[in-house]
Every structure is written in C-alpha cells, then in structure tokens.
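Each remark here refers to the structure printed beneath this line.
Protein chains in written order, with my numbering: chain B, 1 to 430; chain S, 431 to 860.
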C-alpha cells in the first residue's frame, strides 16, 4: 500500500471514530450531537498534526488554516462529517479527508503556496435530525435565519437551539458565522457521487458543472373514511385508490421525458401519509410527497405541470378532492467555470479521465457557490449506494481525489497575482 | 314524543355520559379506559332502575339479569359501549340501549317471561386501542388467550394487562369469564348497520343471516433505498412505484367480480408503511394491508388468489421482490336460523319491513355465535357513516329495534318448554 493510501486509511478510521469501516448498522452522527462533536475533535487532531491552526466558528464549522501570508487571499476546500441515521462513512468524510490529505501531500512535497489554504469541516449538513440541511454552510453564507429555526425539534423533542447550545455554541450569535465575500477567493468540495455515472462512463473522477435543486410537490387527496366491511364498492370515496395511479405515472413520465432531454431528470414519489391507516377503515386522506430534480429547470417545472394536470384528471373521475402544492422550487446552481477549468487541467496533468457532469444531490457547495467561486469534484462510490451502511469508496478513488485537489491547489495558490481578498484570520483564530 | 322515544333519548345521553349528542369531536371511550368504565356505570344505574340485578364478570363484561326462575334457561341480548377514537355515540350503544329499553317495554306492559333475561354490555369491542377487537365477548366464549395478549401495548406504551388491572379486574383470572354452552339458550345483538342497504332497499330493519369475516393480506415489496437526486431513472429499484398498480387493481377487481356475484364482496387497500418515507430517498420497502370481506368465502379467496397472481406479474417486470402473506382468513359466521325466524315473525307482527341481509363488519355476536344460537339485528344509520362524529341513528329506528327485541323476547321467553340450560346465576351475582 502506498504511503498516501495508508495515511488515508488511518485517517478515514480516525474521522469515523472507529477502528473498522465494516459496520453492519452503519454510522450515526446526527447534526449537533456528541457523535458529530467527536468527529470534529478527530478533525482537529489530524489538522493540528499537519501543522494547521484550528478554530471553530459561531455555527460550529471547523476551520484548519495553513496561513502563509496574512495579506494574501485564502483558498478553501471542505465538506462535512455528520451523517444520516445508519449512514455510511464516506458521505462528507471523503471530502474532509481528501482536503486534509491534499495538504499532507503538498507539505510532504515541500510545496509552499502563495495563498493561504483553509480546510473547512461544515457542521450539520444532513437534514436527518431536523429536516433542515447544510446548517453550517448556510450560516457561513448568510442563508440561516435563526428565528425560523429556533423551535424546530428532533424526534425526541429537542430543539435546534438546545442542541446547538449543548454542542458548546451560543445560539444568539450563530448568524455571526456569516463570512463576507472577500474572505475566500474560491471554494472546492469533494464528495462521493451517490450515483453510478462515473463508473458507467469508464471515467476516473467527476467534475461538476451544475447542482440540481429539487422541486418538491405535496399531493393531498381527500375522500371519506368509512368501514371497509360495510361500505359497498360503488359507494366509496377511497382517497388511496383514487390517487394511487399518480405513483407509477411520475416514474413513467420522468422516463419518457428523458428520451428527449439532454440533461437527465429524475422524479420520485418518496413519501406517503395515510389517514387513518387502519386495516378496517377506507383511507379518507392521503398525502404524497414528490421530489423532482434536474439541472434543466424548465424540464423540472414541465413535469410538475404534467403531474398537476394528471391529478386534475383523476379528480374529475371521482368524488375525491385532490390538491397539489409546491413545497420547494429552486433554480439549479451553476458552479464556477474558472474552478472547473483548473480541475480539468489537474486531471489532465495526472492522467485521470474526468467526466463533466451534473449533481442530482445538494451539498454544502450549493450555499458556498452563492457567495464564492466554487467547484465540486465527485469520486465514484460502489453501485451508487449512499445513506446506507453499504456505502463504500475505494482508497484508490479517494487518493485520486486527493491528488486532484493537491494539484488544483498548486494551480490555485501558485499564482500570487494581486487580489482584493482579505486573509486576516486573526479574529477567527482568537 | 312518545314515552318510549323520550326514555330512549334520555338513556342514550346517559350511556354516552353527555348531555348532547352534538359532538363535533365525537366520542372517545377506548377499551378498558376510565371513559369506558363511566359508560358501564351509567349502564349499571339504568339497569338497576329497571329492577335488574347487575354484576361484572372477570373480563369486565356487565350483566343485567331479570331472573324469574333459577331453574329456567336464560336468553341474552347485548352489545358494547366502548368506541374508537372520535367515534359516534350509536355504534354499540344502540344495542345496549335497545336491550334495556325492551326490558322496560316488557315490564311496562306487565309481561312476565318464563325464562330469565340477561342484558349484556360487552367490554372492549373496538380494536382502536390495542389492535384486538371484541375482547369481552372473546373471553366469554373461550377465544381469549391471555398469554398472547399480556404484552400488547397501546400508543402510549400501556399494556392490555396494565389497563385491565387499572379497570379494576384481575388479569390472571380474565379467562374465567368463559361461559359454558349451557348457560345461555340464545343471544341477540342489535347494531347500527354501518352501511346503507336497509335505506336503499326501503326497508325498516335488517335481519342478518351471515357475518363476513375478513381475509387480510400483507403485501411486502423490497427494492433498494437510494438517493432521489443521484439515482438515474433506469437504475432504480423503487418499491413504491413497483407495487402501486395493485392499489387501484384491488378496487377494480372487486367491482368487476361483483357484477357476477350474488353476495357482495368488498376489498380495500387500507394501510401502507413506506421505508424510509423520506423526501430525498427512493422507497426501499413498502408494506400494504388489504382487507377483503364477503359472506361468500369462495369469492373472498378467489380475489386473494387474483391479487397474488397480479403481484407475481408485477414482480416479473422489475428487480423488486414481492411477497404476499395471508394474515387472517376466517370463514363467514352463519347465524341461527331459529333466532332469525323469530325476528322475522316479530317484524311481521309489528308491521315492519325486514331486509334479510349479511353483515360486512364483525361484532360481538361473531364470538357468541360460536357457542350459543345467535342473531343480529341492524337498524339504519345515516348515510352509512360510522366510526365518525357524524354517525347518527334516529330515535324512530332505535324504537323499532326496541319493539322488535321486545316482541322477540316475548316469543323466546314465552315458551317454558323443558330445556337443558342452566340459569343459576348466583355464582356470577355473588
């Protein structure tokens, strides 16, 4: 095993606070829990051993700084260490690990950057605990509204505010993590693909152009609950039987649209709530949740309209009321062309076959891109499995990611041309 | 208002522990709760005022006895007073009320029965709290297995054993409520129809032949949970999209079978559990619950087979595993021809138009019929609505039920022909 692979393997275990990646129950490090904190402490230990200066911001994001010149700009790389319930040990971890590993590579090679380098470990990226994702990077880029969130509770009834304070932070100043646009010259995240496009195309690594944000619909069907045994078939207002055809329809329609679209579209009926959901009662109310994603925003909206029209047809056939609400409808985020070109150059230099692709999933980079020129690298993960104990990325692929980041940092920090970016981190490090 | 209607109205409120039947939130008297106990106490008060001797058996069933001759057989009438969550004030209550009212009619008329009469108020008929129905009548007829049930818990985590004991009973001897076949000569229940057949046919009252017991299926579809945003449409194993066509299929197939069946059949996909049921995850596992009912047992089983065959076809099309399990598959219960003939005679005498019909819902009589010659009367309820705050039966229809029971009791107890039935209730009344 190469020195780099051995280092990666060792630190992968350390960041996952474990001595084996073979975890049948997966990893559970929810937002702002003692488990996330333990992973942050492992990050601090590794970063310190690399000679980086470590600090925590007001939202609990971890910063590891390689400061070469307080007057030079700063280039950042990062991802997160929290997980879903019974998730994998690579989603987020791979990005933090390869950022630290890239610093290790540069330091081992004796490279001296002309700009400062920051490795960021964002707090609380997953929405598993509070239904709110990317809290740390939202705070950092001014998207966090603490008044909206204070009372949001987890399944055990603990509020975000309470868990943030138990994490050792001060809820009242969480928004102070907000970083002005001149504080970072650029940002790069590496993440596992959570899909199989890289593998299928025979490429080594993915260089992302756009991040597809979801359009989400809620469909509510209201009929009439009644006894399953005594209500004749021709005298029913069964909300579930009425709305059910939309479930295969969404899948079929997305498949059919993909035959004519350049950019892929995905759509899923992913949630259902039935009332009363009792064996002897005809379903009176049903709520379905639909998640639609594509970098092609027009296609996404077209499918949403087609689903609405289909629901109107279902409603005409029956004595059941169907309403469709749009919960979320965000435009796609397009990443920095400049960062992407540097990543392509790095791949070319290293002899890696890159795949220019889009991301179907949201990541911290989605927020970072609204404020700083940003890029996103994908490494393959086995069979595209993610948010699951079977999530897996090879050390070879994490090493390729590390080398790509290291070479990108050489390009990005080798140029000391004048910049308007401030790098005085003394306040943050105080 | 007639004297009988005024009496019925007064006691209807008393049994519902209220001063108005206009309850937008309905009535909630779950199994073995203080609310059920309050209704039982109202039953005791009314029965005592009618000169009946009241006792409670080991399962909490209330007995009100009109004993005329300890050596004569006993004829019983009854139903229950518990309800579902936010249920109506007639399901169960109508049967207990009209039983008591029939005694009042007979006593007012100065009728002296030649057999003893028992009005039974069964404990805990509804399955809303524990998922187990007709606990009181099961105990009475030897169908209760306390070892199976002791640990079954309600939504708040309270076990049946704990709630039975809080109700003032001794769990260890609950099975002692078991009544030998010679203790009752016959049993009659009156219940609201929970359907609209009586109304549709222009009849006054329903005389039930058979009670349809459900056949219940559980369909499990197992695919693969994965990220909704990153998993291409042609690389999915979506369990929900795979199994969804069965939902409208069950309804269509039941409708189509009814065109050729003499006895009606009903079938409902009434429950669904999705895993993980999260907006950004493709459903990996789905479980559907199907309830099929008909007095035509062969038709019920034929539909179950058709559903299984349909699932096998769905499974062939996809990389999703589908299994169908039969949870319950009981034969219909046919009621006593002798009791039915006496009920028809009573209707003829009173000038009521009876409808001979089947019951799609289960009732306490289902258990009683396994041990004692039993009958079931239905009175109409508005629009067939039941288990709902809008449940409603008119005082006119409850009065017709009362008169039918009173006349039936005259026939049933007017004959003092020799019988092998024991009526020594001293042990129970001790």
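Virtual Cβ for every residue (Gly too), placed ideally from N, Cα, C.
Exposed or buried, which one is residue i when buried takes at least 16 other CB atoms within 10 Å?
i             : result
residue 312/B : exposed
residue 368/B : buried
residue 599/S : buried
residue 757/S : exposed
residue 475/S : exposed
residue 710/S : buried
residue 173/B : exposed
residue 147/B : exposed
residue 696/S : buried
residue 478/S : exposed
residue 546/S : buried
residue 771/S : exposed
residue 606/S : exposed
residue 783/S : exposed
residue 24/B  : exposed
residue 623/S : buried
residue 317/B : exposed
Report all residues from its chain with a CB closer than 7 Å to the CB of residue i; omit the five preceding and five following residues, and keep chain order.
i             : result
residue 418/B : Interpretation of residue 418/B is limited by its pLDDT of 47, a score under 50 that renders its predicted location unreliable; the figure taken from the coordinates is listed afterwards. Excluding residues within five positions, none has a Cβ falling inside 7 Å.
residue 860/S : Because residue 860/S sits at a pLDDT of 38, beneath the cut-off of 50, its placement in the model cannot be relied upon, and the following sentence gives the value as read from the coordinates. Nothing meets the Cβ criterion.
residue 224/B : 237 and 284
residue 356/B : 207 and 209
residue 661/S : 712
residue 472/S : 444, 445 and 447
residue 774/S : 637 and 784
residue 511/S : 445, 459, 466, 469, 470, 473, 522, 523, 526 and 551
Does the CB of residue i have a neighbour CB from chain B at under 8 Å?
i             : result
residue 848/S : The predicted position of residue 848/S is uncertain, since its pLDDT is 47 and thus under 50; no value can be drawn from it.
residue 815/S : yes
residue 790/S : yes
residue 501/S : no
residue 670/S : yes
residue 699/S : yes
residue 681/S : yes
residue 784/S : no
residue 696/S : yes
Using a beta-carbon distance below 8 Å, is residue i in contact with chain S?
i             : result
residue 363/B : no
residue 248/B : yes
residue 255/B : yes
residue 27/B  : no
residue 244/B : yes
residue 258/B : yes
What residues in its chain sit with their C-beta under 6 Å from that of residue i, if we drop five residues either side in the sequence?
i             : result
residue 195/B : 384
residue 397/B : 379 and 380
residue 640/S : 725, 762, 764 and 788
residue 134/B : 125, 364 and 367
residue 142/B : 178
residue 21/B  : 89
residue 812/S : 822
residue 95/B  : 79, 189, 190 and 191
Give every residue of the same chain whose Cβ lies closer than 8 Å to the Cβ of residue i, excluding the five residues on either side of it in the sequence, and list them in chain order.
i             : result
residue 702/S : 716, 717, 718 and 719
residue 269/B : 246, 247, 250, 251, 288, 289 and 290
residue 731/S : 645 and 759
- Give, in chain order, every residue of the region 703-736 of chain S whose Cβ lies closer than 7 Å to some Cβ of chain B. Flagged, chain order: 704, 707, 708, 709, 710, 711, 712, 713, 719, 721 and 723.
- Task: Please go through the region 727-765 of chain S and give each complete beta strand (DSSP E) segment of 3 or more residues, from N-terminal end onward.
- Result: Runs of the beta strand (DSSP E) inside the region 727-765 of chain S: 751-759.
- Return the residues of the region 221-236 of chain B that lie within a Cβ-Cβ distance of less than 9 Å from chain S, sorted by chain order. For the region 221-236 of chain B, residues whose beta-carbon sits nearer than 9 Å to a beta-carbon of chain S comprise 224, 225, 226, 227, 228, 229, 230, 231, 232, 233, 234, 235 and 236.
- At a Cβ cut of 8 Å, what residues of the region 191-217 of chain B count as close to chain S, listed as they run along the chain? Per Cβ criterion, the list reads 193, 194, 195, 196, 197, 212, 214 and 216.
- Query: Using a beta-carbon distance cut-off of less than 9 Å, what residues from the region 505-528 of chain S approach chain B?
  - Reply: The region 505-528 of chain S vs chain B, Cβ under 9 Å: 514 and 515.
- Ordered list of alpha helix (DSSP H) runs contained in the region 521-592 of chain S, each at least 4 residues: Within the region 521-592 of chain S, the complete alpha helix (DSSP H) runs of at least 4 residues are 523-539, 565-570 and 576-579.
- Message: Using a Cβ-Cβ cutoff of 8 Å, what residues of the region 162-193 of chain B are near chain S? List them in chain order.
- Response: Within the region 162-193 of chain B, the residues whose Cβ lies closer than 8 Å to some Cβ of chain S are 193, listed in chain order.
- Message: Please give the ranges of any beta strand (DSSP E) in the region 476-500 of chain S, keeping only runs that are unbroken, at least 3 residues long and fully inside the region.
- Response: Taking 3 residues as the shortest admissible run, the region 476-500 of chain S contains the following complete beta strand (DSSP E) segments, listed from N- to C-terminal end: 483-486 and 492-496.
- the region 378-411 of chain B: positions lying closer than 7 Å to chain S by Cβ: 384, 385, 386, 387 and 388: these are the residues of the region 378-411 of chain B whose beta carbon lies less than 7 Å from some beta carbon of chain S, given in chain order.
- Task: With a floor of 4 residues, list each alpha helix (DSSP H) that falls wholly inside the region 231-258 of chain B, ordered by position along the chain.
- Result: Assignment of alpha helix (DSSP H) within the region 231-258 of chain B, counting only whole runs of 4 or more residues, yields 239-243 and 246-258 in chain order.
- Task: Ignoring anything shorter than 4 residues or poking outside the region 167-224 of chain B, list the alpha helix (DSSP H) runs there in chain order.
- Result: Counting only runs of 4+ residues, the alpha helix (DSSP H) found wholly inside the region 167-224 of chain B occupies 197-201, in chain order.
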